[in-house]
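Chains as they are written, first to last, in the numbering used here: chain A, 9 to 165; chain B, 9 to 165; chain C, 9 to 165; chain D, 9 to 165; chain E, 9 to 165; chain F, 9 to 165.
Where is the CB? At the ideal position from N, CA and C, for every residue including glycine.
Remember, predicted model here, so these are calculated numbers, not experimental data.
Taking it in order: structure first as structure tokens, then the write-up.
Protein chains: 6
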Amino acid sequence: MVNQVNQPNQFNDFSMGKLTSLLALLHNSESVKEIEQELTSRGYQYTVGKVGAMDLSKVVSAIETSAKSKGIVNANSYREVHALYHAILEAIQGVGRGTVQFGDILRTVGLTFSIVRGNIDFSGYGGEWISVCVYGTIGAPKKGFEHDALGFGFNHI
Amino acid sequence: MVNQVNQPNQFNDFSMGKLTSLLALLHNSESVKEIEQELTSRGYQYTVGKVGAMDLSKVVSAIETSAKSKGIVNANSYREVHALYHAILEAIQGVGRGTVQFGDILRTVGLTFSIVRGNIDFSGYGGEWISVCVYGTIGAPKKGFEHDALGFGFNHI
Amino acid sequence: MVNQVNQPNQFNDFSMGKLTSLLALLHNSESVKEIEQELTSRGYQYTVGKVGAMDLSKVVSAIETSAKSKGIVNANSYREVHALYHAILEAIQGVGRGTVQFGDILRTVGLTFSIVRGNIDFSGYGGEWISVCVYGTIGAPKKGFEHDALGFGFNHI
Amino acid sequence: MVNQVNQPNQFNDFSMGKLTSLLALLHNSESVKEIEQELTSRGYQYTVGKVGAMDLSKVVSAIETSAKSKGIVNANSYREVHALYHAILEAIQGVGRGTVQFGDILRTVGLTFSIVRGNIDFSGYGGEWISVCVYGTIGAPKKGFEHDALGFGFNHI
Amino acid sequence: MVNQVNQPNQFNDFSMGKLTSLLALLHNSESVKEIEQELTSRGYQYTVGKVGAMDLSKVVSAIETSAKSKGIVNANSYREVHALYHAILEAIQGVGRGTVQFGDILRTVGLTFSIVRGNIDFSGYGGEWISVCVYGTIGAPKKGFEHDALGFGFNHI
Amino acid sequence: MVNQVNQPNQFNDFSMGKLTSLLALLHNSESVKEIEQELTSRGYQYTVGKVGAMDLSKVVSAIETSAKSKGIVNANSYREVHALYHAILEAIQGVGRGTVQFGDILRTVGLTFSIVRGNIDFSGYGGEWISVCVYGTIGAPKKGFEHDALGFGFNHI
């Protein structure tokens, strides 16, 4: 796309992980378009979704299902599903901070997640990687009694 | 500042946690100015710093020292230091994903951290809160053999 | 109260945390009265309750509900509920020792909990703090196949 | 001892774990004598000591060494040392709350520890058990910037 | 047994833990007979069983029940059940790697477990010990989307 | 190799993970030759090494260095080193059981480690995987005051 070549944006030298994080954080904001443009220009695959639950397994499932149904990972390749799964768990550890539990310790989450997959080629890198960012709220199941939470996972795929 | 009143930006309804996260992620980018403008217009105090180390205690110390020296927290108030300390630990848990260890398990980090403090006033909120975001790389002590890492902590102060 | 001034007791210089712990440990003992007297003379708010369950979320809920219904924390202030919640989690970590799980790993608890809130004023302290102690038994769901457990959490409020 | 038979005290039906906890919490208080009396009348072996350090291994070592030198455990029996070691680790988990680290995350402890060993004989119990309680302060290496901490471990020996 | 004296096998100097691990790993293989022979010749008690579940508590329960019903531990002795329980938890930590959760994070296990109890007599050892090995698969609830997992626990009894 | 085709052994249908575990457990035993034969016949790359240390980072480093120097992974490919690193950490979690710490909690390890890399091709599998098994002793830095420990990690590469 000619425009992309001609109009370098401030995101050109952002890492895949940074773009993934901004994709979740800026979801529904105007400036997310530039992020998406950058991802597309690099040939990265990505998706964004939402999940709210007290049940931890539903959160894992929602992110995993979204990645499969959007074709970010091949649902028939254990290899790819394994890479995704560990990236999801890592992201959830950032949300849980110390213990990977939600409803068990009486807290609920409302999360926006982003998943990005693509080639990285410099230094020791090479081949495809996948990153997952989860951003939203965690807290009591009562409106306003919750605060921001953020988690990020990264894996080779 | 008249302009701020007249020119609403896309960040006006961002939570304190989201602004804190963007402050770290967009550090050294053009668009971080709008984030800073928004923080200032809300009367929030904030700072951004960097730390690179294999020694976990140096990372904790660097963030804590920065918050004190920039006056984000009162170094003579245990109450404020206690609030900050737990927010820092939470953020580092997101970076460590599962175990709060760096050099002990042979990995090093290069991090940009942001600290924001301010009043939040809606629902059950009220009074001041503090949030810490840590963004950077984690990996082997070898150029390029590292990937993105992200953590976030939040506390009442 | 004149008597309190005239009859200094051995608990006069006990920290808030020590008094909280003794309140749970000496519950239903004669000597708990002196502890309560000391708490009252300092203007501290406190409560003691009991909960038995395999379900971890019920334990968290019972302590939280007790603190709210007894007015130790204001149920409409997220700030106060947030402080309480983290103090409860810390106390439960002492009971769980390594993993915050009860029924999931086939163990049940029978606990007495104490919650104390009050001003502390020395050194960097200042303002109110909250402490939670949980004491009781943990073990198999079979009479006698259980042993003592103890946990303690502390937070600014 | 005739007196003990004639003068039942409020501690007669306290569990070994409760007595261990009170031994640490009431150390240097008047009422600890009654606890010690009760322990002695049951034929329990016990000791109390202190340790202050940022270095976690020093804390483990101090408690272990004290138990050996006071003859609470036989230093030449791996079996007994193994039982003690796990009870110590459990107690330290209560102090650490979530992560068993002190200096690594820039915090120091000043602790009083109690170790009790003895026969328990009811229900499924039978044979000897060992319990460890650790009580003191945890916090920044700065006077007053620390708060109470408490941990407890229990094992068959 | 004359044969055993005359025909020393390669397992004669294997530790109890190594034999326990091989008992689980070589289950249903020819060479497991030599392992069993060695265990028997030492007078060790042992059993092997299987459990498949997403529910962690069912896994703990299956191993515990097997040990009791086969008489490896005395179900009426809390002391023995306590020793077994902690050995089981340790083994499961190896399977879980970082978090002791199965279904909660959307993974299921199919495990073969071995339990061995017996006297060890050298160095500081003396008296009976119990070891538990758990070997099998962990993964998504989908045929083939799982990989090997292994855990081991050891305790004095 | 004709012999291998003609003489099927009991290990023919063992998974890569099981072979990896037996490689560590049977190291220096006669029967390890059959395991090695099986690994070779499948075209798997493998190595076995030893490391003893109180310092956790030395253990991680020894395993990582061995894998690189034996060419199991390409030291210049971050992708491969990343896969190996996480497999090592998983294995060490089984050894640590609950906390990934050795000297910090006053324990030392003497370990034999095995690393196997190769193609797996069935179900969702496909492509190369790497597995690490760590077997040895953990305990006090005193001869005989230690017991068996075992850990296992697995990753796509």
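| Asked | Found |
| --- | --- |
| Neighbour flag for B:L64 against chain D, beta carbons, 8 Å | yes |
| Span separating the alpha-carbon of E:A83 from that of E:A95 | 15 Å |
| Between the CA atoms of C:I43 and B:K150 - distance to the nearest angstrom | 58 Å |
| Own chain residues within Cβ distance below 7 Å of F:Q109, not counting five before or after | L64 |
| Per-residue burial, A:K58 [other beta carbons within 10 Å of its own, 16 or more giving buried] | exposed |
| Which of helix, strand or coil DSSP assigns to D:H35 | coil |
| The alpha helix (DSSP H) enclosing D:V75, as first and last residue numbers | With the sequence shown as reference, residue 75 of chain D is identified as Ala, and Val is not the correct amino acid for it. It spans 64-77 - the alpha helix (DSSP H) in which D:A75 sits, taken as one unbroken run. |
| Separation of D:A91 from C:W137, as counted between CA atoms | 36 Å |
| Residues, ordered as in the chain, of the region 44-71 of chain E that lie near chain C by beta-carbon distance below 7 Å | L64, S65, V68, S69 |
| Under 9 Å by beta carbon: chain A residues contacting E:G111 | S65 |
| DSSP bridge partner residues for D:Y52 (one or two, in chain order) | DSSP, once it has assigned bridges, lists no residue as partnering D:Y52. |
| Contacting positions in the region 77-95 of chain D - beta carbon closer than 8 Å to chain E | N84, S85, Y86, R87, V89, H90, A91, H94 |
| DSSP bridge partner residues for F:L158 (one or two, in chain order) | F:Y143 |
| Close Cβ partners of E:N14 (< 7 Å) along its chain, the five nearest in sequence each way excluded | Caution applies to E:N14, whose pLDDT of 43 falls short of 50 and renders its modelled position unreliable; the value that the coordinates give is listed next. Correct list: empty, nothing qualifies. |
| Contact the region 113-123 of chain B vs the region 68-83 of chain B: 3+ CB pairs below 8 Å | yes |
| Residues, ordered as in the chain, of the region 16-48 of chain F that lie near chain A by beta-carbon distance below 8 Å | none |
| Pairwise C-alpha distance: E:Y143 and E:Q12 | Residue confidence for E:Q12 is low, a pLDDT of 44 falling below 50, so the modelled location carries little weight and cannot support an answer. |
| A:K58 - partner residues in DSSP beta bridges | A:T120 |
| Three-way DSSP call (helix, strand, coil) for E:G126 in this model | strand |
| 6 Å CB neighbourhood of E:I71 in its chain, flanking five on each side removed | I96, F121 |
| Closer than 8 Å to chain D by CB, F:L158 | no |
| Per-residue DSSP class, three states only, for E:N163 | strand |
| Residues bridged to F:I138 (per DSSP) | F:R125, F:N163 |
| Nearest-angstrom beta carbon gap, A:R105 and F:H164 [assumed within contact, 8 Å] | So it is not a contact: roughly 28 Å between Cβ atoms. |
| Nearest-angstrom Cα separation, counted from B:G159 out to A:G102 | 6 Å |
| Collapsed DSSP secondary structure at D:Q45 in the structure displayed | helix |
| Cβ-based neighbour list, F:V40, same chain, cut-off 8 Å, excluding 5 preceding and 5 following | L30, L31, L34 |
| Backbone CA spacing between B:G152 and E:N20 [nearest angstrom] | 49 Å |
| Reference D:I128; option with closest CA among D:P16, D:N17, D:L47, D:H155 | D:L47 |
| Positions along the region 114-141 of chain A whose CB lies within less than 8 Å of some CB in chain B | F130, S131, G132, Y133, W137, S139, C141 |
| Minimum C-alpha distance to F:A157 - residue among F:Y52, F:G118, F:G132, F:V140 | F:G118 |
| E:G104 - DSSP class collapsed to helix/strand/coil | helix |
| Rounded straight-line distance, which links the Cα of E:G147 to that of A:K66 | 16 Å |
| 8 Å Cβ cutoff, A:V108 in contact with chain E | yes |
| Close beta carbons around D:G111, own chain, < 6 Å, minus the five adjacent residues each side | M62, D63 |
| C-beta contact flag for B:T55 and B:S74 at 8 Å | yes |
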